[in-house]
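*Asks:* Sharing a structure below in structure tokens format, with a few things to ask.
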Amino acid sequence: MEPAAIVLDLNQLRRSCGSCALHELCLPAGIGVADLQRLDATVKDKRMLDRGAMLYREGDKFDALYVVRSGSLKTFVQNEAGDVQILAFHLPGEIIGFDALASDRHVSQAEALERSSVCELPYAKLQQVASEVPALHRQLMRVISREVVEEHRHLVMMGRQQAQEQLATFLRSLADRYQRLQRDSTALNLPMSRYDIANYLGLVVETVSRLFSRMEEMGVLEVNRKSVRVLRPDLLAGLCRADAASKRKDAG
Numbered sequence: 001m002e003p004a005a006i007v008l009d010l011n012q013l014r015r016s017c018g019s020c021a022l023h024e025l026c027l028p029a030g031i032g033v034a035d036l037q038r039l040d041a042t043v044k045d046k047r048m049l050d051r052g053a054m055l056y057r058e059g060d061k062f063d064a065l066y067v068v069r070s071g072s073l074k075t076f077v078q079n080e081a082g083d084v085q086i087l088a089f090h091l092p093g094e095i096i097g098f099d100a101l102a103s104d105r106h107v108s109q110a111e112a113l114e115r116s117s118v119c120e121l122p123y124a125k126l127q128q129v130a131s132e133v134p135a136l137h138r139q140l141m142r143v144i145s146r147e148v149v150e151e152h153r154h155l156v157m158m159g160r161q162q163a164q165e166q167l168a169t170f171l172r173s174l175a176d177r178y179q180r181l182q183r184d185s186t187a188l189n190l191p192m193s194r195y196d197i198a199n200y201l202g203l204v205v206e207t208v209s210r211l212f213s214r215m216e217e218m219g220v221l222e223v224n225r226k227s228v229r230v231l232r233p234d235l236l237a238g239l240c241r242a243d244a245a246s247k248r249k250d251a252g
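Numbering (UniProt numbering) for the sequence shown: 1 to 252.
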């Protein structure tokens, strides 16, 4: 007799979206097979987005959360003068759209960085299933909490003085996310432009390009356009801590 709850292999699901898009919500929660199938039934067919296509715009009505199935997206805000501030980059398996939970309207915009596909989770149906499956509700709260933590980390990163530490922290955070998604955390693909990275970090693009070159010279990275291999994760971690150590030394 099959146990009520097992370690899930999402590849057993018949729906093509289930094996990827529900990874964040299902695998860590230990949801039983029957409940997983109920969740899987809420997923709409995947949507394809060409590079530069918008998933949603500021002011759009909130109907669903989205899981990146392939490719990548960026979320950003834009003021009346047209100035853009990038808020986050989103990788396969990650969920976006939480910005609209408070007001039922999106307060940011989401754009595909490359040809991408997303799976849609209609929020009303997701809420219904989550209310009936406590493990799913807990996991959904964990995912939302992680989004808040990432926003705080971004604010702290932009307030730091050392540009090298900012870029190192960005790359290490990306590596950590790769590891969480069971991808090679030393082979990073950067679908975003150098301008996007600079905007996200609050730097100028020339500084970002110079820092990549410097980190290559130090033996930390190997950079080939949008492909970055982390050669020395220990040195990368040390660069993330360098500014904090310097400040403690100055304070002493």
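Each residue gets a CB set at the ideal place from its N, CA and C atoms; glycine is no exception.
Just so we're clear, the structure is a prediction, and the values are computed from it rather than from any experiment.
Between S72 and L113, is the Cβ-Cβ spacing less than 9 angstroms?
*Replies:* Contact: yes.
*Asks:* At which residues does the beta strand (DSSP E) containing T186 begin and terminate?
*Replies:* Counting along the chain, T186 falls outside any beta strand (DSSP E), and DSSP gives it neither H nor E.
*Asks:* Per DSSP, E120 forms a beta bridge with which residues?
*Replies:* In DSSP, E120 forms a bridge with Y66.
*Asks:* Quick one, which of L203, F89, P122 has its alpha-carbon nearest L101's?
*Replies:* It is P122.
*Asks:* Use the C-beta contact count for R177: other C-beta atoms within 10 angstroms, 16 or more gives buried, fewer gives exposed.
*Replies:* Under this definition R177 is a buried residue.
*Asks:* Answer yes if the segment 140-148 comes into contact with the segment 211-222, meaning at least three C-beta pairs across the two stretches below 8 angstroms, and no otherwise.
*Replies:* No, because fewer than three Cβ pairs between the segment 211-222 and the segment 140-148 fall closer than 8 angstroms, the two stretches do not touch.
*Asks:* Report the rounded CA-to-CA distance for E151 versus L87, giving the unit in angstroms.
*Replies:* Distance between the alpha carbons of E151 and L87: 8 angstroms.
*Asks:* Go to V220, then tell me how far its beta strand (DSSP E) extends in each direction, as first and last residue.
*Replies:* Counting along the chain, V220 falls outside any beta strand (DSSP E), and DSSP gives it neither H nor E.
*Asks:* Using only alpha-carbon positions, find the residue among H90, V84, Q78 that is nearest to V67.
*Replies:* Closest by alpha carbon: H90.
*Asks:* Which residue wins for smallest C-alpha separation from G238, given the options Q85, H137, A168?
*Replies:* With distances taken between Cα atoms, G238 lies closest to A168.
*Asks:* If we ignore side chains and look at the alpha-carbon of each, how far apart do P233 and G202 end up?
*Replies:* Going from the Cα of P233 to the Cα of G202 covers about 24 angstroms.
*Asks:* What residue from N224, E206, G52 has the CA that sits closest to Q164's CA?
*Replies:* Looking at the Cα atoms, E206 is the closest of the given residues.
*Asks:* If you follow the alpha helix (DSSP H) that F170 is in, where does it begin and where does it stop?
*Replies:* Counting along the chain, the alpha helix (DSSP H) containing F170 begins and ends at 163-180.
*Asks:* Based on DSSP bridge pairs, tell me the residues matched to Q85.
*Replies:* Paired residues: V77.
*Asks:* Starting from L55, trace the beta strand (DSSP E) both ways and give me its first and last residue.
*Replies:* Taken as a continuous stretch (DSSP letters only), the beta strand (DSSP E) holding L55 covers 54-56.
*Asks:* Is the beta carbon of K74 closer than 9 angstroms to that of A110?
*Replies:* For A110 and K74, yes; Cβs fall inside 9 angstroms.
*Asks:* What are the partner residues of L49, as DSSP defines its beta bridges?
*Replies:* Looking at the DSSP assignment, L49 forms a beta bridge with S116.
*Asks:* In this structure, does DSSP put A237 in helix, strand or coil?
*Replies:* Three-state result, A237: helix.
*Asks:* Determine the direct distance from the alpha carbon of V129 to that of A135, and round the result to whole angstroms.
*Replies:* C-alpha separation (whole angstroms): 10 angstroms.
*Asks:* So, with DSSP's three-state summary, where would you put V228?
*Replies:* Three-state result, V228: strand.
*Asks:* I need the DSSP call for A130, collapsed to helix, strand or coil.
*Replies:* The answer is helix: DSSP assigns A130 an H, G or I state.
*Asks:* Where Q182 and V230 are concerned, what is the direct C-alpha to C-alpha distance, given to the nearest angstrom?
*Replies:* One C-alpha to the other measures close to 16 angstroms.
*Asks:* Which of the three DSSP states is assigned to A100 in this structure?
*Replies:* Note: A100 maps to helix in three-state DSSP.
*Asks:* The alpha helix (DSSP H) with L91 in it runs from where to where?
*Replies:* Unbroken run through L91: none, as it is neither H nor E.
*Asks:* For the candidate residues L65, L155, Q78, whose alpha-carbon lies nearest to that of K125?
*Replies:* Ranking the options by Cα distance to K125, first place goes to L65.
*Asks:* Put E151 into one of helix, strand or coil per three-state DSSP.
*Replies:* Reduced to three states, the DSSP call for E151 is helix.
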